[in-house]
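In this text, residue positions in the sequence shown follow the UniProt record's numbering: the first is 1, and each later residue adds one. Glycine is no exception: its CB is placed at the ideal position from the N, C-alpha and C atoms. Notes follow the structure.
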Amino acid sequence: MRSLEFGVRNEQDNPSRDATRRREESLGARRWALVNRFLVCLFISVLSSLLLSLPLLYSCDA
Numbered sequence: 001m002r003s004l005e006f007g008v009r010n011e012q013d014n015p016s017r018d019a020t021r022r023r024e025e026s027l028g029a030r031r032w033a034l035v036n037r038f039l040v041c042l043f044i045s046v047l048s049s050l051l052l053s054l055p056l057l058y059s060c061d062a
């Protein structure tokens with residue numbers, strides 16, 4: 001019975017579990033920020049390469 005009371009009290013007030021949850025959430029947010037930054041850089045590089053290749057495409061027609 002004593003272990004049951006300890007388990008209930010431990011689940012109700014556990015600052016280390018809250019800290020772990022916050023740390024996992026911040027790691028997830030940081031991971032998504034890195035993914036978003038990579039996608040933005042990829043989009044910008046593709047767009048810039050397309051814009052730089054436009055004059056070459058039009059000069060070949062002449």
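> Out of curiosity, what's the CA-to-CA distance linking residue 31 and residue 21?
Replying inline: Going from the Cα of residue 31 to the Cα of residue 21 covers about 15 angstroms.
> Three-state secondary structure (DSSP) at residue 36?
Replying inline: Of the three classes helix, strand and coil, the one that applies to residue 36 here is helix, per DSSP.
> Quick one: Cα of residue 37 to Cα of residue 51, how far?
Replying inline: The alpha-carbon separation between residue 37 and residue 51 amounts to approximately 21 angstroms.
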